[in-house]
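A.B. asks: Please read through the structure below; I'll follow up with questions.
Residue numbers (our numbering), protein chains in the order written: chain A, 5 to 487; chain B, 5 to 487.
Structure follows, in structure tokens:
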């Protein structure tokens, strides 16, 4: 029978001490233990609260898509897509982000407008840098507004949401850099970059937040074959950043202001900053001409939120966290059309919150604070002071569970009271019901407050009400959606 | 630039009208639209509330594991495991359930006791029957108690949790069938089944809930080579079900009661029912000797919850839902040891809630009720009665968002008021702020209650407080975790 089978299996696995398999999670992945989960839940709750405050719905899509759904969407990065083995049937790949599945969903269901958020894991066979919060399996947390709407109204709301979320997480100061693809295109055009080099020059510019202009220039000239004077001209512009006054100046700039595409972009940017002002976040927004963002599919406004003072903060392990950028996104008006047989587009703008980086920061903070993160919400522990009281404890547990009070008891029949109380201190349970023979005889229980070690006797009939009062008084987490 | 590229791509995809790819999700998978997500959230909230009421923590594991982690755990069903393509590096498979990753997690982290829940998707290359709620990608929703504890205390709590969850979902009457692997083993032994046939006979018995005894007997005799009189003897027992009185009778049964293993199982079952009685759920528990459950790794108590009157209820599509069993689980004391180099075990008992079936039932119910499921929690819509008021609307939105009031406004600058109000009725937004030139001049807003169409004027200064009062009065969902 099965015990035999298990023993056999164990032998196969090397009962001789030489384990034949390694006990680990796949490269670039990790388990979330209860502490990490508590932080994760906290972060998600704040983010979801913000999404819901803005009236968003949520959807979910499968973890894998038809391989062809992902084909041709990620350029060079396609090599990082995880494919499933061909076991007969369809060829499948794990999703690489949530944007392409969203576009597929819109096209497939012929949805013309929606405001949705989607929080789920995505997969990239990248070189993991786990100390810096970069994994092969990681969460994305996307909010997008799809629909044919008026200029910059949805775009400004996305930036407002980023600001709300970063504020609510209390991560210190941050700046949301904004730019516009039309401005970049116009800039390259009027500096004399040939159109076929726009993309590669764009990706060089994108490195300006990590490296010096001299290096970027070298890349443009030596690797990408731009004449030095063209690179220099680009350099003058992309090192500019500022607010509405910079836009006004550039609109009057004889080169950039004269380029139709750039002027269009600048006018839109002006409107965006006006709306950001009305939303009370202009002081957190910086028009930054060096912001380029890698993804091909952006067509309008692009943005990226950066935490100040976090760019090179050391972690507990002594390695740099590198958590500068914590959110990013932009407008992509042509992606849905790639899935529509007639090429019909649905304009979209969205933002992706870099939750893995936020987890890293908050985990480091929790560790530094050394305060324990509670991993359960238990309000009451039912303890017994003498032996053979498991049945009495069960009756009390039943009464408390039925009253929607979060309750635990020891899973051993007889355990030393001291150990029971210690468990409460370790796990942060604030209240204990203690029973002994005397209490049972008198039809009472003792309510013990763990923090103060105070005990008082209440009648069994009043127990539930007394505990409820106590729980309210202590302000215990409590009150999650109940039955 | 990218527009050109996208156009090219579109052409590849067949701009000539003959789409070259099919717009679909992979076989056996589905998207969750906002309506489905709203129901899913509801179900999860109730289930998680119950898990937390019992003091559970939560963990998460990667969606894929090393292939060898899953090897040898699922018997014949291993052929249903999804493998990832070998793209260099480790060989990986998608998780098949949450129990094996849990056991791997315990062994890897040397955890000796934990009470955790885990809600996540699992993957099986099974023949999908989507109308009956069977998918290739589906949620599992597991609660397990690991640790060396006293007999039946954690086991009874698992059953209590099942009862709580099914009660809270208001799914009508249900029964939790319970049995014990030791009782089954003892029964087979004393009826004269050779030990090597225990497993196969067990799986025949397991079919008794779907088919008649005559068919099961035929399988035992014709296919599995059991002498007819042995099958008949098994038949007498496995058609028995009842409560504590049946256990007493069987303990005195000259055959079964005399078998050491069976007697042990019966004594444990007696204790389990005693604890169920103390937990107030004995009337929902039935000791059912035909319950066998497929999985090899069970070693003690097993159970399965069945909704009464749902076994063959037709769905909207006219096909049977077949949603009888909605939860199941049992004790598996030897699984963790399979991952430990020294074979050290951690006893476990757990339950898996069949949430996909619950979703099916609740979706069908929502459809039948025809009442709209709200997919957002928006409390206030900011509308304008005349043109060119987008900036004024934005100021109001800012004030409401900053006050943590869930607020939307039109994304078009100028929209007919009627359309704005219609949107609110369609999506269930209960309150509207209406502004026009008069209101702006007077520094007031109109608050409109959508249901009654009543409007009243309040000053801008009182707007937030008035809305808060109104939201409380209407009992709007509101109040999710806020900033």
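Each residue gets a CB set at the ideal place from its N, CA and C atoms; glycine is no exception. Being a predicted model, the structure only gives us computed values, none of them experimental.
Taking C-beta pairs closer than 9 Å, name the residues in chain A that residue 459 of chain B reaches, listed in chain order.
C.D. replies: Those do not exist, as residue 459 of chain B stays about 22 Å from chain A at its closest Cβ, beyond 9 Å.
A.B. asks: Going by beta-carbon coordinates alone, are residue 160 of chain A and residue 352 of chain A separated by less than 8 Å?
C.D. replies: Cβ atoms of residue 160 of chain A and residue 352 of chain A: not closer than 8 Å.
A.B. asks: Does the Cβ-Cβ distance between residue 242 of chain A and residue 212 of chain A come in under 8 Å?
C.D. replies: Closer than 8 Å, so yes.
A.B. asks: Counting C-beta neighbours from all protein chains within 10 Å, is the total for residue 131 of chain B 16 or more, i.e. buried, or is it exposed?
C.D. replies: Exposed, by the Cβ-count rule.
A.B. asks: Starting from residue 416 of chain A, find everything on chain B with Cβ-Cβ shorter than 7 Å and list it in chain order.
C.D. replies: Simply 153, 154.
A.B. asks: Please state the DSSP three-state secondary structure of residue 62 of chain B.
C.D. replies: In this structure, residue 62 of chain B counts as strand in the three-state DSSP scheme.
A.B. asks: For residue 120 of chain B, count neighbouring Cβ atoms within 10 angstroms of its own Cβ and tell me buried if that reaches 16, exposed if not.
C.D. replies: Buried: at least 16 other Cβ atoms inside 10 Å.
A.B. asks: Pick out the complete alpha helix (DSSP H) segments inside the segment 97 to 168 of chain B, 4 residues or longer, and give them in chain order.
C.D. replies: Counting only runs of 4 or more, we get 103 to 112.
A.B. asks: Starting from the C-beta of residue 421 of chain A, find all residues in its chain whose C-beta is less than 8 Å away, skip the five residues before and the five after it, and write them out in chain order.
C.D. replies: Answer for residue 421 of chain A: 387, 388, 389, 438, listed in chain order.
A.B. asks: Along chain B, which residues have their Cβ under 8 Å away from the Cβ of residue 394 of chain A?
C.D. replies: Under the 8 Å cutoff, chain B gives 154, 157.
A.B. asks: Going by DSSP, what residues sit across from residue 290 of chain B in a beta bridge?
C.D. replies: B:181.
A.B. asks: Which same chain residues, not among the five before or five after residue 320 of chain A, have their C-beta less than 8 Å away from its C-beta?
C.D. replies: Any reading at residue 320 of chain A is ruled out, since the residue's pLDDT is 39, under 50, leaving its predicted position unreliable.
A.B. asks: Could you give the C-beta distance for residue 274 of chain B and residue 248 of chain B, rounded to a whole number, given that I count them as a contact under 8 Å?
C.D. replies: Correct: roughly 7 Å between the Cβ atoms.
A.B. asks: At a CB-CB cut-off below 7 Å, which residues of chain B make contact with residue 402 of chain A?
C.D. replies: Chain B residues near residue 402 of chain A: 282, 283, 284.
A.B. asks: When you compare the CB of residue 476 of chain B with every CB in chain A, is at least one pair closer than 8 Å?
C.D. replies: It does not; no Cβ of chain A falls within 8 Å.
A.B. asks: So residue 527 of chain B and residue 471 of chain B are in contact, right, with Cβ under 8 Å, and what is the actual spacing, rounded?
C.D. replies: For chain B, the structure presents residues 5 to 487; residue 527 of chain B sits outside this window and is missing.
A.B. asks: Who are the near neighbours of residue 476 of chain B in its chain, counting only those whose CB is closer than 6 Å to its CB and skipping five residues on each side?
C.D. replies: Closer than 6 Å at Cβ, skipping near neighbours: no residue.
A.B. asks: At which residues does the beta strand (DSSP E) containing residue 476 of chain A begin and terminate?
C.D. replies: Where residue 476 of chain A is concerned, there is no enclosing beta strand (DSSP E), although the alpha helix (DSSP H) it sits in stretches over 467 to 478.
A.B. asks: Please classify residue 339 of chain A as buried or exposed, where buried requires at least 16 other C-beta atoms within 10 Å of its C-beta.
C.D. replies: That one is buried.
A.B. asks: Can you give me the Cβ contacts of residue 333 of chain A inside the same chain, cut-off strictly under 7 Å, excluding the 5 residues immediately before and after it?
C.D. replies: Around residue 333 of chain A: 162, 307, 354, 355, 356.
A.B. asks: Taking 8 Å as the threshold (beta carbon to beta carbon), is residue 33 of chain B in contact with chain A?
C.D. replies: Residue 33 of chain B counts as touching chain A.
A.B. asks: Beta carbon of residue 187 of chain B, beta carbon of residue 266 of chain B: below 8 Å?
C.D. replies: Yes, these two residues count as a Cβ contact at 8 Å.
A.B. asks: Quick one: using the 10 Å Cβ neighbour count with 16 as the cut-off for buried, is residue 381 of chain A buried or exposed?
C.D. replies: By the 10 Å Cβ count, residue 381 of chain A comes out buried.
A.B. asks: Could you list which residues in chain A have their beta carbon closer than 9 Å to that of residue 112 of chain B, in chain order?
C.D. replies: The answer, in chain order, is 27, 28, 29, 35.
A.B. asks: If I'm right that residue 30 of chain A touches residue 94 of chain B with Cβ under 8 Å, what's the distance once you round it to whole angstroms?
C.D. replies: Their Cβ separation, rounded to whole angstroms, is 6 Å, which keeps residue 30 of chain A and residue 94 of chain B in contact under 8 Å.
A.B. asks: Just tell me which of B:83, B:85, B:91, B:126 has its CA closest to the CA of residue 101 of chain B.
C.D. replies: The shortest C-alpha separation from residue 101 of chain B is found at B:126.
A.B. asks: Using DSSP with H/G/I as helix, E/B as strand and the rest coil, what is residue 92 of chain A?
C.D. replies: The answer is coil: DSSP assigns residue 92 of chain A none of H, G, I, E or B.
A.B. asks: If I'm right that residue 170 of chain A touches residue 309 of chain A with Cβ under 8 Å, what's the distance once you round it to whole angstroms?
C.D. replies: Right, their Cβ atoms sit about 6 Å apart.
A.B. asks: Please report the distance separating the alpha-carbon of residue 463 of chain B from that of residue 449 of chain B.
C.D. replies: Between residue 463 of chain B and residue 449 of chain B, the C-alpha separation is close to 6 Å.
A.B. asks: Could you tell me the distance, in whole angstroms, from the CA atom of residue 182 of chain A to the CA atom of residue 180 of chain B?
C.D. replies: Roughly 58 Å separates the two Cα atoms.
A.B. asks: Relative to the C-alpha of residue 60 of chain A, which residue among B:42, B:99, B:63, B:50 is closest?
C.D. replies: With distances taken between Cα atoms, residue 60 of chain A lies closest to B:42.
A.B. asks: Let me know if residue 133 of chain A comes out buried or exposed under the rule of 16 or more other beta-carbons within 10 Å of its beta-carbon.
C.D. replies: Exposed.
A.B. asks: On a CA-only basis, which of B:443, B:452, B:152 is nearest residue 424 of chain B? Give me that one, please.
C.D. replies: Of the listed residues, the one whose Cα sits closest to residue 424 of chain B is B:452.
A.B. asks: Under 7 Å: does the beta carbon of residue 385 of chain A sit that close to some heavy atom of the ligand MN?
C.D. replies: Annotation note on the ligand MN: not contained in the displayed structure, which lists no ligands.
A.B. asks: Less than 8 Å between the CB atoms is what I'm expecting for residue 50 of chain B and residue 402 of chain A, so what's the real figure, rounded?
C.D. replies: With 8 Å as the limit, residue 50 of chain B and residue 402 of chain A do not qualify as a contact, their Cβ atoms being about 19 Å apart.
A.B. asks: Which residues, in order along the segment 67 to 83 of chain B, keep a beta-carbon less than 8 Å from a beta-carbon of chain A?
C.D. replies: Of all residues in the segment 67 to 83 of chain B, 67, 68, 69, 70, 72, 73, 76 have a Cβ within less than 8 Å of some Cβ in chain A.
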